[in-house]
Structure formats: structure tokens, C-alpha cells
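Report on the following structure.
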Amino acid sequence: MKELINIIADPIYSFSIVIALFLLSIKYIKFVGSKKFFWIALGGSAIFTVWAAQDKNFWAIITWPDNIPISILLISMGWLTWYAIYKGVNNDARTEKGEPPLEGTPENREKVWAWPNLVYTEMFTIIIGTAFLVVWSILFKAPLEEPANPTWAPNPAKAPWYFLGLQEMLVYFDPWMAGVLLPGLIIVGLIAIPYIDMNPKGNGYYTFSERKFAISSFMFGWLVLWIFLIIIGTFLRGPNWSYYGPFEYWDAHKVVAANNINLSEILWIKWLGMPLPKNILLREFLGLALTLIYFAVAPYYLTKKVFNFKGKLGKWINGGQLGGYLKSMGYIRYSIMVMLMLTMMTMPIKMYLRWFINLKYLVFMPEFEFNI
Amino acid sequence: MSDNDKNKHEPGMAYDTKFLNKLFAVLGVLFLFTTLWMVLDDYIRPWKAVQLKGFEVKDQVLKEKIIAEEKSIDQEKLNEINQEIEVAKKEVEAKSGELEKLKEELSKVQKDIYVQNMTNGTHGALAGEYQFKYEHYLMEGKEKKAAPYKKKMEKEKELFAQGQDDLKTFQQKESEINDKIKAIRNEVAELKKAESKIIGTKDRLVTAKKLNKRDPIFFLRNSPFIDYLDPTVKIHQVVLDNLTDDRYFVQTKKVDRCTTCHMFIDQPGYEDKPQPYRTHPKVNTLAVGTNSAHPIKKFGCTTCHGGEGHRVNDFNAPAHMPSSEEQQAEWEEKYHWHEPHKVPITMLPSKYSYASCTKCHNAETRVVMGDKLNRGKELVQSYGCYGCHKIEGWEHLKKPGPSLLKINAKVSKEFIKNWIWSPHTFNPKSRMPAFFGQSNNSKPEFMKKNIVEVNAMTEYIVSKAKDYQPFKKYSKGNAEKGKELIQTIGCVACHGVEGIDEPYSNVNAKRGPYLTGTGSKVDPDWLVSWLIKPSHYQADTVMPSFRLSDQEANDIATYLLNSKSKKFADLKFQEMDKKIRDELLVADYSAFIPIATAQAKVEELSDEERTIELGRISIGKYGCYSCHDIEGFKSDRPPIGPDLTKVGSKPIHQFGYGQQHQVGHTRHDWFTAHLKNPRMWDIGVPKPFKDLNRMPNFYLNDTEIEEMTTFLLGQVSEYVPMAGKKNYNERELIAEQGRKVANKYNCQGCHTIDGQGGWLSKTVYGDDLNAGPPWLVKEGHRVHADWLHTFLKEVKTIRPYMNVRMPSFNFSEGELNKLVDYFVKDADQRVFYEKPDKVTWEAGEREAAVKMWNELACVTCHTGGFNNEEAQGPNLHFAHERLRPSWVKKWLANPVGIQSYTPMPQFWGENGDESAVEGVLGDDPQKQIEAMKKYIIELGQKKGSYQYK
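For the protein sequence lines, the chains are S and F, in the order given.
Position in the first sequence counted from 1, then plus 8, gives you the numbering used here.
Position in the second sequence counted from 1, then plus 213, gives you the numbering used here.
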């Protein structure tokens, strides 16, 4: 069993599994938002944790002082996500019956005094929080290490936990992309959301069915591409940034055979059986072309088939608005939204390319430090 | 909060206030408890418990000491003194009126002094202020304004001077009165002093015990929060100005807090207490003690012991390391000990502590008090580790093995093959290590290849060797006589010899090869020639000539040749498989060229050329040239092993462990395993023939391994500031140079030099030290430098009554100068010591000297040149040439003080302050010694009167 988990936890498999689970939960969102699901999930993960914690490798990695905040994050994140879905699904059911959302009922619109209702509870939170931090710091001493020794770097050298998703991206992308461009776009994209999102629904109350596209696409980026990669980076990446299963000993000498090659080499050497052309553009033309096609053809398809709410998927994401996104958002907003979407999707695409054809770079131009 | 509950609340309220108040109370209590927990967690530290127990240990020790002290007190004498004190006190009481008056006077004078001091202070301060203003206005060019201040200033200065003088008057008065008071009380004070001599130590111990009490005040001082004021349970530390801790980007002052737990490390009396309360070994000589060579205040703890000295969190924090597996198990149980994580300098297990001497004393051949390290160095030298491994500071040494440039005259080809294959079969004590038949190359497939290599190497060595004709022919002599000679003339100082090695098996006796089976090894003619003149065969050998006669040489040779290794002599080495030879050649060539080209290259060579070529390659591969001179291998060819200069600082993850997971993850564990079986790292690792580990096996025993590990651990790269290091002065530097030469030729194998070494003297001649090699005590003071130079170059008999011989070494000119310099500088002497041309006598002095000469009967022992009796001491006719007059005086005054074993009588008493012959020179021992010295020096001044033999 542990062996099996060790194998399927490898991102090569687990990434697809997580995507599948994500899609399933979107599809069966009503079940996910039920209390029954909550208890099943809580019970299931509790049993798994207790069972897995018997393993000394698993125990070592989850109790490593650095990793404790991440465990706390995972637990609270799971709870909060489910709670939001639960509320949203509840409201959706009420909406179907023609009732207003729970937050919109007359008694819930009543106002209460800030003191003591707000201030008192805030103080409770402060006390609980402080007491918790004190106890935590007594039980788990701060993971302070030796003074930094430039000749003896830690292996693995890990970023702070909130950046481990980014560090995981470095496995698949050039540092310039994974370290500068994509993080920049993430920040810009997050800032842009309020300006792109024109959907007035869900203001002041929880809902899923009225904001299917917004919630699903955000959650994909958040859960699958961020949280899941942090989990991998924290718990499953060991010395030399190699993959280690949750029950595997971190042996620093683990050897992983990985010979990655560029698309230009596949094209010219492998398929055409000739040396690489001297001309950079000619050499890289396939990768460049594919990239261009991706950013040109995909929007066309999305506009025609999905975002005009006409295809099957298009009909599903239609949160009650008429026409299509292009029409309701306007050209500029729409194209920004599509570009951000497409850029986000490059991450899983690149991951799959790496796993299936050992692709290093689609376009490899070290002459310009331009590798994608 | 469910929806229904909500309606029950007052308007404007989401919660029930009473509930909130209760919740607040609960949370408040919870918070209080966590805060208390935090304080306690901060307060309770493991070292505090250690110190509390330490106080108990101290109590116990003090109690024992007090009891012991009480026993030593002379009660009768004490009572006597006490009675006297009573009497004296009464006397003082009788004068009490006078005393009171004096006291009153004293307090008056003291008042005057106080007032005068205040007044003077004011005048002084005003003078300063006016002077400043005066100078300030002058600077601004306002001379008019400045003028009044000048006057004021002068006036104040005058007043100040006057006041100072008055003060002195008062002070004089004060001391006069004090003297008077003292005179009255004097007797009591003296008696008290006498009393304190008897019971002072006990009183101090009792006070110490009182201070050590754990009373309520003690607990108050050490309770939480209050303990910031003046706790007794606290962290103790030394901060060093001259030594640093490396924090990678900065060197910080070294801070050692070890004494927090090792509370009595610097106090004798705790030697038998359990750790951490034990006293440091050699506390007053080696380290820690104030008078020791390395006081703790100047050198700290981690300087030598390693580890993180500033950490006191718990037992593991300073990176303690166990000395043995038992200790590890004990620590694991007691302290939850675990391997330190990421600590670059862990503590040295106590058995390796001497390793750290090297950090500062690396330039010394022999570190005083560092016996274990010295033995390690001695082993590294005799096994010749420095041949294959570069070690900075060891480059000047000659190659550890004998030269093979003329080997054909010495041994046969068959012998060479068998010897290379397995030296220990022939000589179990061989220092030539075993390369073959080891744990990584004993597979039949590898053995076959090794046999080919050994054949090829032998062919290479034999074919390249130059011709050599022994200059003497062997003729059978008397083996018994030979055996006796070997024992007595000094061979066993460097060689263990079969049949007479017990009890002489000692590190030093490994300087030369262990002599066994010589009859199955060497050519008899070569042996005789070698014994008579070793440098004839190998110019740079350290083997000296003993100036043997032909008969003596043949006697020794006969004894040695009688020792045969039958088993070894009958060995026939396997013939070379030529196919494998060619394969090996191709494999070697094809490292950089394609196999087909390599094959073609091999085919171009003739059969013989192929063998020689493989021999050359194999000698390079196994590094034979590192230890032996071999034709075709230049002396500047780099050594084949890794550099060991800084191996003690090599990070542990850079050591290869292969599949040997049972070996501990520390440097010392790795070294120990490596020295035990250097090839073990290959076991279980799939490696091709050419990549096999080549470090040979020396078959070291555990003690040797521990000593060599100590040496290796000391080879660190830690930075030691100049201020913290042993800095050599000119004298020490010169002496050290010579000490290296002395070490090369193993002078200390025979001689004790200033207390060190003298192994032959102490063992073979242990019963009669005077018949053995003389102990050299400040030899540079004893003899003239030019005489020593000549003597070392051309040895002459000084003590004809001895069997042991000072050998004739083949020193180079530079070595000779260094040796002479060494002795001279080590004795703190000048090189040139003027020899008086002619002794000048005082009136009547010579007659007195002659009288003493006859009375003391010097010629009874120093017969040389006076009669034909057997001599018991050196010939005094050489004294002028050889001895420094100032030393002669020192010697006459107290010979035993210089050479404890000498039969020379102490004519002038044990301290040289008694008259030797009554009625001579007014019985003044100094004058007598001076006269005697002159007489002895004069003996040798009669030019041509006497010649060396």
C-alpha cells in the first residue's frame, strides 16, 4: 500500500489525479457541499493521517518544524474551502426554490452593536491566537540552524513554504519564466480580477452556480497549481529536489535518470536526421510556431465554442448572462482574461510535455536568454 | 450559533453577553497558564540541574578537605599560640588609654586630610578653567581679555601647590600615628599571622563551604525574574581576545561556556568525581590551570576540544562526541545523545584530544606533552604516508622506502615478485604495505591481472636498475659474536631483529626494517658491503656506518643470513599471461583513444617492450615511485594519494562510504575503518578493474590506528589568529630545523636529548646507563660548536670503555650545520665560544689545583694519557678542544644535576657549595672549582701532547 502511494504520489501521476478530482468535485459540487461529504472527508483524512503517521519517514517529514505551519495551512484551507462551498450550495438550493440567499433573509440583514459583538470576539481571537503561538513555540522549538555556511548549503535548499509552488515551477520552466515572468503575471492577474470580473452576482452572499466560471478557474489556479505544488514542494521534494514518496527515506544519493531535450533537437536531429541549422529562427521555428498558434488559435476556439455560451461547456458556464463574455466584457477585458487563462494553462501543458516526451524547452534560445 | 437561538438575544446583540463574559474568564485563565508555562519553560534549563548537583559534589569535596585539614592541624601548637594571643591582648588592653588617644588624633588628622583634599580639588579645577579661558582668548587674539585670567590662574596654581604640600604634612602625621598604633598591636598581629598559618586553609575551606550553602537567600537569588540581579546559578563563560570562532563571514571572539557544567574543571581535588564535575587531566601542566601551558582564560576549551563552546541548551548542543560505542550507548540512554547535525567542528572524542596540538604546533617535530600525537607522527613517518599523500610541512622528508636504482645487486628477481605480491608473508612486520590479495581484488579475474602487473613491474625495475658491484666478499663469521654486536653497538635502536627483538619491539625500532629472513633475501656480498659502508650502495641512505671491521661485518652478516624464510624462498611466482598483459595495455591506452587504435599501438611494440611498458604504467598506477627511487620516475612527479593537509576539516559528506553503512558518520570513524582496511569501500560496489581502490593495507593494529587517527584529525584548516598561536622566536626556529634532522637520523633512538627519547639507552642499557649512549643535556653548552661539527663529520672515540658506538652518519653539509645550530640554540648558547689560548693562573692557584687533582684521584677513572688502566671516563686531554669551560665548572659543581646516572662523584657536595679538599684555597668551593677547571683545560693545551685515536 505504502509502495503504491509512493508511486502514485509522484506528480507525474498525482497531478493528473488531482486534476481529475478537481473536475469531479466541480461536477458533483452539490455532494461536495454537503455535510455528509464533510464527515466522510474528515474521517477519511483522519484515518489516513493516523495510519500514515505510523511510518517513521512520514512522521519525520510532517513534524519537521518548518513543515508544521504548512500542515496547519492545509487543514484550515480544506475547512474554509469546504465551508464556502457548503454555504454556496445551500444558497443555490434556496435560489432554485425561489428563496433569497441565507445572507439576504430579513433577520440576517438586522444590524448588531460593534461592542461587544465585534470587539469582544476580536479580543477572544487575540487571546486564543497568542496562547496558541506560545504553546506552539514551547512545544516545537524554532527551527534555527547553524550560521549560514557558504561551503555547506542545505540539501534540499528550499524557499519559504509560500514560495514552494514557484520553486516547483522551476522544474519545468526557465528561471526567467518561472522566477520572473509568471510570478509577475500572477500578481498582475490577481490585481486585475476585480476589473475583469463583470459578474454582479454573488455580492454579499455565497453562491457557486451563479459564478461557475470564475470560481472554477480561480480554484484551478489556487488549488491545483498553487496549493498542490506547495504540497509537492514541501513534502515530496527531498535532496537534489528529487521526488520522494511520502513513505520514502530521504537518501541524498538517490539517482533519477532524466535526460531532457529541446523541441528543436527533436525536430532536426531526431525526426529529420540532420544537424541543427545555424540560423536561430530557423532552428526554433517549430517551437515559435506552436507558441504563436497556442496564443492565436486557442482564443479563437474559446471565443467561438466556449465563451459565447454555445457549446456544451459554454452552456454549463453560463451563469445566467446573455450573449457571451466577449459581448458582456468588451474587447479589452475579454482579451486580457483569455491571455491570463492561457498563460495559466501553460503550466500544466509544459508539465505534461516534460513527462511525456522529456521536453526541456519548446523554444531554446540561450543567445537571448529566451527559453520557453 | 444556530438560526433559532439568535432570536432569543437582546436587540442589537448577536451573542449572549453572559456567555461571552464566561468565555472571557475561561480564556483569561487559559492565557495565564500559558504565560506561566512560558516563564517556567524559559526558567528550567538542563544546566541548572547540573549546577545544583555540582554544589552537592562541592560540599562533599570541601567536607573531605576540611576533615583532612583538621587532621593536619597541630592542636598543641595552636593552643599555645592562642594562649599567647590572650596574654598579648591583655597587654594591649593595659595600654587602652593611650590607644584611645591615638585613635582620636587619627580621626582628627583624617578629617584634615579630607578637607584639604576638597580644597585642593577646588583650586585645581579653577586653575584648569582659568587656564583654558586664558589660552582660548589668546587663540582668539584677545590679549586684553586674557590677561586677568592669567593672573587668576597663577594664583590658583600657587594655592594648589601650597595645599598639596599641606596635604603631605597631614599624611605624614597620619602614618606616624598609624605606626604607633601598630606598634602597640604588633604582637597580637604577629601571633594571629602564626595562627592563620596553621588554621588559615581550614578557615578558607569553611568559608567556601558556607558560601556554597543552599539557604533561603540562595533560592531567592535564583528565583525567576529576581535571578537577573545576582544569581549564583548562572552561565559561566570565558571570552577570548586572541582566538576566534569562524562564523563564515566573520571571525568572532571565541566564547566558551563549558564551565557552566564542567564546574570544577580547573580545580584540583575533583579527579575522581564523575563527569561533568571532574578536574581536567594534567590541570597544572598541560591545560586549564592558571600555571599550566594553556590556561583556560587564554585558550578556552573548544580551541583544543572542538565543538560549539557557546551552546549550553542541552547535552547535545555543544556537539559532544563519544569515545567508544559503550559511551555512546550510555549517552544515548542518559542524555538522548544523537549525532550533531550540520556542526562543522564537532567535539573530538576525548581519546583524540591531542589532535588539536597540531593546529598551533604544526611546525614542531615533537610536541611537548603531546605523546599520542607524537606517536601518530612517528607512525606516519615510519609507514611513509607522506610518500603518496601530500602533507604540508612533510615535503622535505626523504622517500620512506629504499632506492631501487641498483636493486639487482641486492635481491633476486623472483624475490621481488613474491615480495611485491605479499610482503607480509616474508616479513610479518614489514612496513611495505600489501597491494594484492585484498578484499577488493581477490576475485580470480582480478588476481590474474594483478599477477601480470607484478611480473611486469618487476621486469621494469630489474631491467632499468643500474649495475652495482659490492666491494667486499662475504666469508662466514661467528654468528654468536654477530648477535652480540647487533645487541650492543646500537643496531637495535632502529631495527627489530629476529631472535633479539624482545623486549625491543618499540615504535622507534621501526625506523629501519625489521630484520628477519635476511638469508632468503639478500646477496651475502652485498650485505657485508652494506654493513661496512651503506652510502656506497645508496648515497642518501640514513643507515649509518658503524666503522665495522671486516671481521665484525662478517660476524653480523653471518647472524643475519642464518635467518631464513623457508616458506618464502620456495615460492615460485606465477608466469605472466601475455594475453592478459596485452589486454591491460589496450585498456590503459584506450582511456583516451579508440580501442582499435590502442590495439594497433600495442601491436607495434615488441614482446619485451610490452612487458616493460605495462610495468611502467603499473608502477605509476600503484605509486611505487612515491616511496622508492625508480629509474624513469622523476622526483617531482606528484604523489598519487589525496592531500591530507586539511583532511581533519574535510566535510563528512565528502568521504566515500560505499556500502559500508555500519561505519559511523564521523571523520575519526572513517579514518579508523580506512586504516584498518583501506579497500573496504569497494566491497559490494560494482567497479571495473582499473577503478579499484589502490590504497594498500599496512595491517596496522588498533593502537597504531588510534594514534594515526589522532594525527589525521589534527590536520585542520581552522584559522588561528597570530595572537593565539605558538609563535616561534629565532632560537626556536633554528632549533626546530635541527630537530628535523635529528629526527631524520633517529638520534633519539639512542640518545636522550633534553629528557626526550633515548630508547636504546633506557632499554638495552637500562641497568647500566653509563655504559649506554650518553644523555645529551644542553649539549650545545657542553661542547664547542666547531668540535661538535668535526665530531659529527668524523666520529672519534671519547669513551673507550663503551661497547655501543656512535655511528658515522652520511650527513650533508647543511644537515650538519643545522644539527650543530640546533644543539647550540637549544642550550641558549652562542656559536662561538672563545677558547682561552693559555690558562692564566692566580698566585698559588695551580699548586692548589695539582693538589686537588691528586687528592681527588681523577686519574682513577680518567686514565687516558696518564696510565694504562682501563678508562672509566673520557680522556681529559681532549677537554680543551671539546668542552666549554663554563660547562666544565657547572659539571664539576654538580655532575648528577646534569646526568643523573653519572658515576662522577659530587666532590663539591650535592649543591656544589662544600669544600672538596680541606685546606685548599681557603676552602672556597667556587675558587676550587675554578682552579680545577683551569687545570683540566690546560691539560689539552699542550699542543701535540695527545692525539685522538
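From the three backbone atoms N, C-alpha and C, an ideal C-beta is built for every residue, glycine too.
Quantities reported herein were computed from a predicted structural model and do not represent experimental measurements.
Worksheet item: Given a threshold of 16 other Cβ atoms within 10 Å of its Cβ, counted over all protein chains shown, does T916(F) qualify as buried or as exposed?
Response: exposed
Practice prompt. Determine the direct distance from the alpha carbon of P636(F) to that of M645(F), and round the result to whole angstroms.
Written response: 6 Å
Practice prompt. Measure the Cβ-Cβ separation of T671(F) and G828(F) and say whether it is below 9 Å.
Written response: yes
Fill in: Min CB distance W160(S) to chain F below 9 Å
yes
Discussion item. Within 9 Å of any Cβ in chain S, is that where the Cβ of F237(F) sits?
Written reply: yes
Worksheet item: What whole-angstrom Cβ distance do I235(S) and M85(S) have, given they're in contact under 8 Å?
Response: 7 Å
Practice prompt. Compute the Euclidean distance between the alpha carbons of I966(F) and L1032(F), then round it to the nearest angstrom.
Written response: 12 Å
Worksheet item: Which word fits I201(S), buried or exposed, when buried means at least 16 other C-beta atoms lie within 10 angstroms of its C-beta?
Response: exposed
Worksheet item: Expressed to the nearest angstrom, what Euclidean distance is found between the alpha-carbon atoms of I439(F) and R258(F)?
Response: 16 Å
Discussion item. Taking the alpha carbon of T824(F) as the reference point, which residue from G854(F), I808(F), R850(F) and D790(F) has its own alpha carbon closest?
Written reply: D790(F)
Worksheet entry | Host beta strand (DSSP E) of Q464(F) (start-end) | Q464 to D469
Worksheet item: With a cut-off of 8 Å, do at least 3 Cβ pairs link the segment 444-454 of chain F to the segment 511-520 of chain F?
Response: yes
Practice prompt. Could you spell out where the beta strand (DSSP E) holding D454(F) opens and where it closes?
Written response: V451 to D459
Worksheet item: Alpha carbon to alpha carbon, how far is L32(S) from S79(S)?
Response: 24 Å
Worksheet item: What residue range is occupied by the uninterrupted alpha helix (DSSP H) comprising V196(S)?
Response: L190 to I204
Worksheet item: T771(F) to I629(F), Cα distance in whole Å?
Response: 22 Å
Item to complete: Assign P1116(F) to buried or exposed, taking buried as 16 or more other Cβ atoms, counted over all protein chains shown, within 10 Å of its Cβ.
Response: exposed
Worksheet item: Using the beta-carbon of each residue, which ones in chain S are nearer than 7 Å to T247(F)?
Response: A139, V142 and V143
Worksheet entry | Secondary structure of S24(S), DSSP reduced to three states | helix
Worksheet item: Since F1091(F) is in the alpha helix (DSSP H), which residue starts that stretch and which ends it?
Response: Premise fails: F1091(F) is in no alpha helix (DSSP H) and is neither H nor E.
Fill in: Endpoints, the alpha helix (DSSP H) within which R417(F) is located
E356 to L424
Worksheet entry | Simplified DSSP state of M214(F), which is helix, strand or coil | With a pLDDT of 41 at M214(F), under the threshold of 50, the modelled position of that residue is not reliable, and no figure is offered here.
Discussion item. What residue range does the alpha helix (DSSP H) around F293(S) cover?
Written reply: F293 to Y309
Worksheet entry | Residue of A647(F), K623(F) and A622(F) minimising C-alpha distance to W632(F) | A647(F)
Item to complete: Using a Cβ cut-off of 8 Å, pull out every chain S residue sitting near R460(F), in sequence order please.
Response: P155
Worksheet item: Quick one: is I80(S) near chain F, going by C-beta distance under 9 Å?
Response: no
Discussion item. Taking 9 Å as the threshold (beta carbon to beta carbon), is V196(S) in contact with chain F?
Written reply: no
Practice prompt. Give the single residue among A28(S), I48(S) and I70(S) whose Cα lies nearest to the Cα of E256(S).
Written response: I70(S)
Worksheet entry | Three-way DSSP call (helix, strand, coil) for F364(S) in this model | helix
Worksheet item: Can you name the residues of chain F whose CB is closer than 9 Å to the CB of W59(S)?
Response: Near W59(S) there are no residues of chain F at all, since even the closest Cβ is about 27 Å away, more than 9 Å.
Item to complete: Closer than 6 Å by C-beta to K1038(F): which residues in its own chain qualify, once you throw out the five before and the five after it? Chain order, please.
Response: R944, I947 and A948
Fill in: Cross-strand partners of K970(F) (DSSP beta bridge)
Sequence inspection shows Gly at residue 970(F); the Lys mentioned does not correspond to that position. For G970(F), which the question treats as bridged, DSSP gives the partners T965(F).
Worksheet item: Within 10 angstroms of its Cβ, does S436(F) collect 16 or more other Cβ (buried), or is it exposed?
Response: exposed
Discussion item. Within 9 Å of any Cβ in chain F, is that where the Cβ of I136(S) sits?
Written reply: yes
Worksheet item: Pick from L174(S), I93(S) and E130(S): whose alpha carbon is nearest that of I239(S)?
Response: L174(S)
Worksheet item: If we count Cβ pairs, one from each stretch, closer than 8 Å, do we get three or more for the segment 984-1003 of chain F versus the segment 950-968 of chain F?
Response: yes
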